[in-house]
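Colleague:
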Amino acid sequence: MAEQTESESRKLLGRLREALADDSAGQARLDRITHLIADSMQTEVCSIYLFRDEDTLELCATEGLNPEAVHQTRLKIGEGLVGRVAKFTRPINAANAPQTKGFRFMPETGEEIFSSFLGVPVQRLGERLGVLVVQSKEEREFSNDEVYALEVVAMVLAEMTELGAFVGEGAALSPLHKQPTMIRGDIAQEGVAEGHIYLHEARVIVTNPIADDPDVEIKRLNEAVEMLRVSVDELLENAGTADKEQLQVLEAYRMFANSKGWMRRMTEDIARGLSAEAAVEKEQSTARARMAQVPDAYLRDRLHDLDDLSNRLLRILTGQGQHTGAEMPADPILVARNIGPGELLEYGRSLKGIILEEGSVGSHATIVARALAIPLIIHATRITNEALNGDHVMIDGEQGIVHLRPDETVVGAFRDKMAMQADAQERYSSIRDKPAETLSGEFIQLDMNAGLMADLPSLDNSGAEGVGLFRTELQFLIHNKMPKRAELASLYSRVLDAAHTKPVIFRTLDIGSDKVLPFMKPQDEPNPALGWRAIRVGLDKPGVLRMQAQALLRAANGRPLMVMFPMVAQFEEFKAARDLFLREVEREGRLGHSLPGILEIGAMLETPSLAFAPKQFFDLADFISIGGNDLKQFFFAADRENELVRKRYDTLNVSFLSFIEQIVERCATSNTKLSFCGEDAGRPLEALCFAAMGLRTLSMRPASIGPVKHMLRRSNLADVRQVIDDARNNGVQSVRPSLMEYLKST
Ligand code: PEP
Ligand code: MG
-13 MAEQTESESR KLLGRLREAL ADDSAGQARL DRITHLIADS MQTEVCSIYL FRDEDTLELC
47 ATEGLNPEAV HQTRLKIGEG LVGRVAKFTR PINAANAPQT KGFRFMPETG EEIFSSFLGV
107 PVQRLGERLG VLVVQSKEER EFSNDEVYAL EVVAMVLAEM TELGAFVGEG AALSPLHKQP
167 TMIRGDIAQE GVAEGHIYLH EARVIVTNPI ADDPDVEIKR LNEAVEMLRV SVDELLENAG
227 TADKEQLQVL EAYRMFANSK GWMRRMTEDI ARGLSAEAAV EKEQSTARAR MAQVPDAYLR
287 DRLHDLDDLS NRLLRILTGQ GQHTGAEMPA DPILVARNIG PGELLEYGRS LKGIILEEGS
347 VGSHATIVAR ALAIPLIIHA TRITNEALNG DHVMIDGEQG IVHLRPDETV VGAFRDKMAM
407 QADAQERYSS IRDKPAETLS GEFIQLDMNA GLMADLPSLD NSGAEGVGLF RTELQFLIHN
467 KMPKRAELAS LYSRVLDAAH TKPVIFRTLD IGSDKVLPFM KPQDEPNPAL GWRAIRVGLD
527 KPGVLRMQAQ ALLRAANGRP LMVMFPMVAQ FEEFKAARDL FLREVEREGR LGHSLPGILE
587 IGAMLETPSL AFAPKQFFDL ADFISIGGND LKQFFFAADR ENELVRKRYD TLNVSFLSFI
647 EQIVERCATS NTKLSFCGED AGRPLEALCF AAMGLRTLSM RPASIGPVKH MLRRSNLADV
707 RQVIDDARNN GVQSVRPSLM EYLKST
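FYI, the working numbering numbers position 385 of the sequence shown as 371, with every residue one higher than the one before it.
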């Protein structure tokens, strides 16, 4: 048997191209391909096995085995040598196949007379499509060159988009891309949505896997790699003080971009007849297949880097930009591996939902998705591989489930669920302009939380009475450099304009912990939630806080202004921050700016310590807002970002409710206005209990106002209070079960 030289494999690819272009029927074309490969590799057998479903391979074409076995012989993934090639996505090269581990005899194929076996995976970007096999009678191992050559051929085969149609009697494939698929992820923003997939980074399409002139292709590859290197260097230069991990990723990019092995393998594949694009994609496929099998997270990340780098290179080579011109559907559900907050803002509210393969609950993109109230599922494994532009999709942000290409039953059930929610929304909009007055006659003020200009229209739509928390850090988080005072002043002014006469409470910059500014040096802290964050940073490095104070005062320009400081842990901190702010008021006055007619300065109560601050604190603060997210995390010592403990302690735990009651009482004694602005304020049962404990102002996401108001309007606070007191007296841990029982009976 002849060694497979480069020019021979180029010849084979040339003939293959003809076979691929030929418009004979699918099966005939596949038969011709197996014939060509066997002929060119000088083996007696060439067979193509394709996945029929996720675990079954089917013999779809053969030269040399019994033709009757085509579409009859099937194997499970992992079964026999063919099944093992598919399972481990690695070639098997055996001189004596029957004596090789994993061999399974398939009498119907008549293969017992063939001794040597070479099988390579057919895969496209990490998606397993099947196995390509050559066999011969002579007992010999195939040379490395022959293995590479067959891999190159498998790569070209994988590019045949209609490959799937060959399975069975014209049965529909491509199995992995046509079937309904359910993917479980984690919930980052609740809500349900139905729409069609829009890929953030559409896949680059390689239309020319085979090339005639390797010299031209190698030149194209070299030029593209050079451009890639320059762009990576630029990224590194511009990264400046980017965080350590980002720098590490860029360094890894640079390492790969300069990797000799990577270049060598791609050059060799081109010499065998692949186009530059196909050579890059072949490397990428190998990296993806390995990625799926590497248990070590660090290594997996590195392979991931290589994958991203290959994408960049493909975009340079094909001239296909970020967006390949795929049209945005009318009801887009965005799919991305990960996305930055700025990019997400560009899509804005046009999105019906977002599915990320990575992402995290506390990431900036999540913060933005929450602010825009767009359902977001994160950690949706393989979604970028599974989803294609335009696929029908339903996301259930209450269960953390993505239904991709759902079947009729799922569609029916899901639409019922959406209809029920729509009914509820209708009910809520009918009470939008009515007060949140309970059956026992108490009025509860319902405000909304905001952080972006985009939130402001909700002030009218939701029926909120004001903005109880404006998170100013979002403006800082989504920019790559420190915003200027004039920019902030203009934004804050537009916020006040949009609110008309409704009150807005601005919270000064709350950074640190999970919120790391892209342009600030990250602190390597062992416990960031308990670390240098919020007002602690503001007082230690007062420049930003002062600048923010000036921007707020100029934005108010004589109008009333309410400001509060985050994470105040003791009276002294509040005093210092307040003094700093008042000094700025004085300075602005000296400079001739008009000062707010009414200025209220408050504090967020987010640490248990502040609840026990001296009376003087409660007297000095114009108002207090309970930051329940942080307060609960510190009260129960349970990290709000840690999935293992985040939901371990119930907000309706009697200890927590008693603690809230104490804060209410302390504020009542000093006549200090009090509100609650953590996520729990937006949950109807929790909101009801807070009201029963004496809170009269709650601030929440705009979408929660309807459900909370509905709950309050149908409740008698005295009765609810009785249920809570009974639970406390009975030594019950959480009020939830008895409250649910009570609500059922009313
Ligand atoms: C809170 O902690 O409850 C809060 C409102 O602030 P954030 O969620 O922004 O930390
Ligand atoms: Mg907080």
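In this text, a Cβ means the ideal position worked out from N, Cα and C, and glycines have one as well.
Computed from a predicted model, the values in this text were never measured in an experiment.
Identify whether Ile19 lies in helix, strand or coil by the three-state DSSP scheme.
Modeller: Of the three classes helix, strand and coil, the one that applies to Ile19 here is helix, per DSSP.
Colleague: Looking at Cys663 and the ligand PEP, is the gap between the Cβ and the nearest heavy atom below 7 Å?
Modeller: Yes - the ligand PEP has a heavy atom lying nearer than 7 Å to the Cβ of Cys663.
Colleague: Any idea what DSSP makes of Phe100, helix, strand or coil?
Modeller: In the structure shown, Phe100 sits in coil (DSSP, three-state: anything other than H, G, I, E or B).
Colleague: If you run the structure through DSSP and keep just helix, strand and coil, what is Lys123?
Modeller: If DSSP states are grouped into helix, strand and coil, Lys123 belongs with coil.
Colleague: Where does Glu372 land, buried or exposed, given buried means 16+ other C-beta within 10 angstroms?
Modeller: Glu372 should be labelled buried.
Colleague: Quick one: using the 10 Å Cβ neighbour count with 16 as the cut-off for buried, is Phe103 buried or exposed?
Modeller: Buried, by the Cβ-count rule.
Colleague: Tell me, please, which residues DSSP counts as bridged to Ala423.
Modeller: Note that residue 423 corresponds to Glu in the displayed sequence, not to Ala. Partner(s): Phe429.
Colleague: Would you kindly work out how many angstroms separate the C-alpha atoms of Thr29 and Ala273, rounded to a whole number?
Modeller: The straight-line gap from Cα to Cα measures roughly 29 Å.
Colleague: Between Glu132 and Ala81, which are expected to be in contact by the criterion C-beta below 8 Å, what is the C-beta distance as a whole number of angstroms?
Modeller: No, Glu132 and Ala81 are not in contact; Cβ-Cβ is about 13 Å, not under 8 Å.
Colleague: Per DSSP, what kind of secondary structure is His378 in: helix, strand or coil?
Modeller: Reduced to three states, the DSSP call for His378 is strand.
Colleague: Smallest Cα separation from Thr370: which of Leu185, Gly105, Ala563?
Modeller: With distances taken between Cα atoms, Thr370 lies closest to Leu185.
Colleague: Any idea if Val153 is buried or exposed, counting beta-carbon neighbours within 10 angstroms, 16 or more meaning buried?
Modeller: A caution first: Val153 carries a pLDDT of 49, below 50, which makes its placement in the model unreliable, though a value can still be read off. Val153 comes out buried.
Colleague: In or out: Arg493 buried (at least 16 other Cβ within 10 Å) or exposed?
Modeller: Label assigned to Arg493: buried.
Colleague: In this structure, what does DSSP give as the bridge partners for Ala589?
Modeller: In the DSSP output, where bridge partners are listed per residue, Ala589 has Phe551, Ile610.
Colleague: Where do the ends of the alpha helix (DSSP H) carrying His389 lie?
Modeller: His389 -> not in any alpha helix (DSSP H); beta strand (DSSP E) instead, spanning 387 to 390.
Colleague: Going by other Cβ atoms of all chains shown within 10 Å of its Cβ, with 16 needed for buried, is Phe598 buried or exposed?
Modeller: Classification of Phe598: exposed, given that the 10 Å Cβ count is below 16.
Colleague: Going by the DSSP bridge assignment, what does Glu44 pair with across the sheet?
Modeller: Looking at the DSSP assignment, Glu44 forms a beta bridge with Leu36, Arg60.
Colleague: Could you name the residues of the same chain whose beta carbon sits closer than 8 Å to that of Thr424, not counting the 5 residues immediately before and after it, in chain order?
Modeller: So the list reads Ile430, Ala677, Leu698, Arg699, Ser701, Asn702, Leu703, once near-sequence residues are dropped.
Colleague: Per DSSP, what are the beta-bridge partners of Pro318 in this structure?
Modeller: Its beta-bridge partners are His182.
Colleague: Under 8 Å between C-beta atoms, does Ala484 make it to chain D?
Modeller: Among the chains of the structure shown, chain D does not appear; only one protein chain is present.
Colleague: For Thr370, name the three-state secondary structure that DSSP assigns.
Modeller: Reduced to three states, the DSSP call for Thr370 is helix.
Colleague: Run the proximity test for Glu592: is its beta-carbon closer than 7 Å to any non-hydrogen atom belonging to the ligand MG?
Modeller: Yes, the ligand MG has a heavy atom inside 7 Å of this Cβ.
Colleague: Taking 7 Å as the cut-off, is the beta-carbon of Leu596 closer than that to any non-hydrogen atom of the ligand PEP?
Modeller: No, the Cβ of Leu596 stays beyond 7 Å of every heavy atom of the ligand PEP.
Colleague: Specify whether the stretch 356 to 371 and the stretch 316 to 335 touch according to this definition: at least 3 beta carbon pairs, one from each stretch, less than 8 Å apart.
Modeller: The answer is yes - the stretch 316 to 335 touches the stretch 356 to 371, with three or more Cβ pairs under 8 Å.
Colleague: According to DSSP, is Gly524 part of a helix, a strand, or is it coil?
Modeller: It is helical.
Colleague: Is it buried or exposed, Met406, if we count other Cβ atoms within 10 angstroms and call 16 or more buried?
Modeller: Exposed, since its Cβ has fewer than 16 Cβ neighbours within 10 Å.
Colleague: Considering Cα atoms alone, identify which of Ser26, Ile191, Ala174 is closest to Ile302.
Modeller: Here the closest residue by C-alpha is Ile191.
Colleague: Excluding sequence positions up to five away, which residues of its chain have a Cβ less than 7 Å from the Cβ of Ile314?
Modeller: Ile is not the amino acid found at residue 314; the sequence shown has Met there. Closer than 7 Å at Cβ, skipping near neighbours: Tyr184.
Colleague: Give the straight-line distance between the Cα atoms of Asp199 and Ala322, rounded to the nearest whole angstrom.
Modeller: The alpha-carbon atoms of Asp199 and Ala322 are separated by roughly 36 Å.
Colleague: What are the boundary residues of the beta strand (DSSP E) that includes Thr683?
Modeller: Counting along the chain, the beta strand (DSSP E) containing Thr683 begins and ends at 683 to 686.
Colleague: Decide if Asp616 is buried, meaning its Cβ has at least 16 other Cβ atoms within 10 Å, or exposed.
Modeller: Classification of Asp616: buried, given that the 10 Å Cβ count is 16 or more.
Colleague: Following a CB-centred definition, is Asp201 positioned closer than 7 Å to any heavy atom of the ligand PEP?
Modeller: Result no, Cβ not under 7 Å from the ligand PEP.
Colleague: Report the three-state DSSP secondary structure of Asn639 (helix, strand or coil).
Modeller: Of the three classes helix, strand and coil, the one that applies to Asn639 here is strand, per DSSP.
Colleague: Can you give me the C-alpha to C-alpha distance between Asn76 and Val453, rounded to a whole angstrom?
Modeller: Looking at the sequence itself, residue 76 is Arg, so the reference to Asn does not match. When rounded, the distance between both Cα atoms is 58 Å.
Colleague: Does the distance from the CB of Arg1 to the CB of Leu16 come in under 8 Å?
Modeller: Not closer than 8 Å, so no.
Colleague: Provide the residue(s) that pair with Val31 in DSSP beta bridges, ordered along the chain.
Modeller: Paired residues: Gln121.
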